[in-house]
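Here's the structure we're looking at; comments come further down.
Number of protein chains: 2
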Amino acid sequence: MVSERGLEVLRVIVHDYVASREPVGSKSIVERHQFGVSAATIRNDMALLEEEELIAAPHTSSGRVPTDKGYRLFVNQLADLRPLSAAQRQAIETFLGDSTDLDEVLGRTVRLLSQLTNQVALVQYPTFSRARVRHVELVSLGDGRVMTVLITDSGQVEQRVVDIRTTVDESFLSELRAAINAVIGGRPLGEASAALADLPARFRPDLAAVVGVVVASLTEQIAAGRQDRLVMAGAANLVRTGDDFSGDLYPVLEAIEEQVALLRLFGEMQLDAVDVAASIGRENASFGLSQASVLASGYSTQGSEVARLGVLGPMRMDYSTNMAAVRAVARYLSSLLAER
Amino acid sequence: MVSERGLEVLRVIVHDYVASREPVGSKSIVERHQFGVSAATIRNDMALLEEEELIAAPHTSSGRVPTDKGYRLFVNQLADLRPLSAAQRQAIETFLGDSTDLDEVLGRTVRLLSQLTNQVALVQYPTFSRARVRHVELVSLGDGRVMTVLITDSGQVEQRVVDIRTTVDESFLSELRAAINAVIGGRPLGEASAALADLPARFRPDLAAVVGVVVASLTEQIAAGRQDRLVMAGAANLVRTGDDFSGDLYPVLEAIEEQVALLRLFGEMQLDAVDVAASIGRENASFGLSQASVLASGYSTQGSEVARLGVLGPMRMDYSTNMAAVRAVARYLSSLLAER
DNA sequence: ATTGGCAGTCCGGCACGACGAGTGCCAGGC
DNA sequence: GCCTGGCACTCGTCGTGCCGGACTGCCAAT
Chain A
133 MVSERGLEVL RVIVHDYVAS REPVGSKSIV ERHQFGVSAA TIRNDMALLE EEELIAAPHT
193 SSGRVPTDKG YRLFVNQLAD LRPLSAAQRQ AIETFLGDST DLDEVLGRTV RLLSQLTNQV
253 ALVQYPTFSR ARVRHVELVS LGDGRVMTVL ITDSGQVEQR VVDIRTTVDE SFLSELRAAI
313 NAVIGGRPLG EASAALADLP ARFRPDLAAV VGVVVASLTE QIAAGRQDRL VMAGAANLVR
373 TGDDFSGDLY PVLEAIEEQV ALLRLFGEMQ LDAVDVAASI GRENASFGLS QASVLASGYS
433 TQGSEVARLG VLGPMRMDYS TNMAAVRAVA RYLSSLLAER
Chain B
133 MVSERGLEVL RVIVHDYVAS REPVGSKSIV ERHQFGVSAA TIRNDMALLE EEELIAAPHT
193 SSGRVPTDKG YRLFVNQLAD LRPLSAAQRQ AIETFLGDST DLDEVLGRTV RLLSQLTNQV
253 ALVQYPTFSR ARVRHVELVS LGDGRVMTVL ITDSGQVEQR VVDIRTTVDE SFLSELRAAI
313 NAVIGGRPLG EASAALADLP ARFRPDLAAV VGVVVASLTE QIAAGRQDRL VMAGAANLVR
373 TGDDFSGDLY PVLEAIEEQV ALLRLFGEMQ LDAVDVAASI GRENASFGLS QASVLASGYS
433 TQGSEVARLG VLGPMRMDYS TNMAAVRAVA RYLSSLLAER
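As they're listed, the protein sequences go chains A and B. Each residue of the first sequence is one higher than the one before, starting from 133 at the first, in my numbering. Each residue of the second sequence is one higher than the one before, starting from 133 at the first, in my numbering.
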């Protein structure tokens, strides 16, 4: 069983190792922190910690380094996050100040988060499926081609060009536009496809084919829009972190570019909109990120729906500060999106 | 003056160094290539090459390595690019097969190019300013807010939400839409802003303010749209290339993320739509990329306008193959975009 | 102009030893 | 029962010296 002081020792080991990047020994602990006991006593505690696999020695008789499990316990113990500095709060305000476009807001958010934490920042686009259709627009492009634009109440816009192979007049387009909006306007995307299914049958046979093509395109568009997307910033920070990724940051860069793995990871982390969750080291093994840690939190757009944002970095990172930054940015983003 | 054989020697030095990543010496040259002369002769040629600063020795009495100048001469000599393999041509066809959306096409293109070359691939969005306005759409979102959608003939779509603070009815919106399209429909973006300027004055005074807000938003949108954008893929290849960036690939990753530097670089490279240009090593110094080389070519969208695409990698790359890949992809992309 | 030979230079790897940091353990003190 | 000081031991690191290998540069001969 690990004693109370043992936990304190773990805490300072994590802290010092994060700061110095070097294995920390019993002697340096007693001289850098007031423990009121001797180095030998600390050594005993460290022996226990090692037994519990919370810390490990890179080689016999050298300082100790936290294991994934150690970081995990450290993070769990982390009751109150270090609040941000005034300058940082300021930065959030000015950086996200006023923006209208969703793309713009998320783009700024991800850059901000990356700057605050000096890590790779990730922001997921609001998941589409719970959003509602606000409007569907049809625009004739000439040459028998029509552009369909799908606008949701979360402010997202998806457009697509569909080839209908015949020319249609503007009045038919208006009619079709009205019909489509009547059927799916205001409905959640999840239900929209089904609702569209019987639309072609309501038109004259010679037009049904065209309607069918447009509906098929919209259906596809809805499905495609539901695929989650991710914006990312700060990849350069990965290499700046020194040799934390022990030479093979290839899988990390790959995962970032793939996005799929990261989205799955975001999905599997248990998140509500208030807390910041962490996934540490081997907990990410199935995503090829067993050297990395991911901190994430949810943020809410207008409705109750929740998307995610967070940072990715080496296990050896400043969890306290970074989790505080993630939380602050998530909250600010939520409030910003709520008032739109 | 460098002899004919001297140039040949430079060629094999570049080739062997690219392949083996090791400085190449006179002895290994004569045994790997049929020169019909002895190593000592090659050494004399190499001394000349070194005098011209086309090659350099990392340390006294070791093999030679091409300098930027050497690569440059090598590339200039490169008359005929190595044609792509059948498999590669196949890959281009299937990868870019059928796609409608511009985003989709460029996304696939950049991934393809990255795979073909094993380098970081970059594709610039078609520059907007020469594109023409195809259609402007106004969509009421309720709550006194209107979404403006700008569609160009290059297939790009930019949307933006504008807060008009009053409720307007659909008929006014139709009227405004018609007026806007009448004024700027079919005109190049460069002229559109000016053409819009006197639009508010043509409406009833109580509506002019609203028109003014919408027009201002559109003007901004046009300006924002003209900012060039870049899509990128294959950043993971940077680290895979070994230690070519001698530990400091931070500036490279940074430049990739910033985009601005790369766009400037693309802009400064002299490109027409047929040839592939190269910018090597210190030629990129002002962009923080003095360790890297960039290969780029132009591609054309419908009109005559030209955007750019290319790859970025270490100086030590296979110029012949990669330039062929860039050229092939640029050509295929041009033809694909022409037939839309 | 080309060649073979030879001396000189430098890198990389390896073994060796000194040093220092840190541990584990034990006997003794509170 | 917990803490402490001391001591032996283990390793990693760093500097040194040494050797082999791979080149080059130069020169005299062809």
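A virtual CB, placed ideally from N, CA and C, is assigned to each residue, including glycine.
- Looking from the CA of R137/A, the closest CA among V162/A, S467/A, P332/A belongs to V162/A.
- Here T453/A is buried, its C-beta having at least 16 other C-beta atoms within 10 Å.
- For G445/B, the enclosing beta strand (DSSP E) begins and ends at 438–446.
- By DSSP's assignment, V268/A forms a beta bridge with L282/A.
- If the five residues before and after V197/B are omitted, its C-beta is found closer than 7 Å to the C-beta atoms of Y149, P155, I187, A188, P190, all from its own chain and listed in chain order.
- For Q222/B, the three-state secondary structure derived from DSSP is helix.
- The criterion of a C-beta distance shorter than 8 Å is not satisfied by R448/A and F419/A.
- Taking the Cα of F206/A as reference, the smallest distance to any Cα among V342/A, V141/A, G168/A, P258/A is reached at V141/A.
- The shortest C-alpha to C-alpha distance from Y464/A to any of A172/A, L213/A, T226/A is the one to T226/A.
- Close to chain A, meaning a Cβ-Cβ distance shorter than 8 Å, are the following residues of the stretch 348–370 of chain B: A365, G366, A367, A368, L370.
- When the Cα atoms are used, P320/B and V461/B turn out to be separated by approximately 28 Å.
- At least 8 Å separates the CB of Y149/A from every CB of chain B.
- Contact residues of the stretch 382–396 of chain A toward chain B are Y382, L385, E386, E389 (C-beta to C-beta distance below 7 Å).
- Under the Cβ criterion of 8 Å, H191/A is not counted among the residues facing chain B.
- Inside the stretch 275–353 of chain A, DSSP marks whole beta strand (DSSP E) runs of 3 or more residues at positions 277–284, 289–295, from first to last along the chain.
- Taking 8 Å as the upper bound for CB-CB distance, G157/B and G202/B are not in contact here, some 16 Å apart.
- Straight-line measurement puts the Cα of Q391/A at about 13 Å from the Cα of V443/A.
- Against chain A, the beta carbon of R372/B has neighbours under 7 Å at Y382, listed in chain order.
- Listed in chain order, the non-local C-beta contacts of T241/B below 6 Å within the same chain comprise V255, L465, local neighbours out to five positions each way being set aside.
- By the C-beta criterion, the stretch 342–358 of chain B is judged to be in contact with the stretch 284–299 of chain B, since at least 3 inter-stretch pairs fall below 8 Å.
- In the DSSP assignment, the residues bridged to L254/A are M364/A, G442/A.
- Relative to E184/A, the option among G168/A, A151/A, M133/A whose CA is nearest is M133/A.
- With 16 or more neighbouring CB atoms inside 10 Å of its own CB, G445/B falls in the buried class.
- About 16 Å separates the beta carbons of I412/A and V252/A, which is beyond the 8 Å limit, so they are not a contact pair.
- The beta carbon of L273/A falls within 8 Å of a beta carbon belonging to chain B, placing the residue at that interface.
- Contact of R240/A with chain B is not assigned, every C-beta pair being separated by 8 Å or more.
- Between the C-alpha atoms of V271/B and H267/A there is a straight-line separation of about 8 Å.
- With respect to the C-alpha of L421/B, the residue from D376/B, S432/B, S429/B having the closest C-alpha is D376/B.
- Excluding five sequence positions before and after D200/A, the CB atoms of its chain that fall closer than 6 Å to its own CB belong to I412, G413, R414, given in chain order.
- D301/B has a beta carbon lying at 8 Å or more from every beta carbon in chain A.
- Under the 10 Å beta carbon count, N369/A is surrounded by 16 or more other beta carbons and is classified as buried.
- Assignment of S170/A by DSSP, reduced to helix, strand and coil, places it in the coil class.
- Here A410/A is near L427/A, since their CB atoms are less than 8 Å apart.
- Contact annotation: D233/A and A263/A have beta-carbon atoms that are not nearer than 8 Å.
- Residue state for P198/A is assigned as strand, using DSSP reduced to three classes.
- With a cutoff of 8 Å on beta-carbon distance, T249/A and A457/A are scored as near each other.
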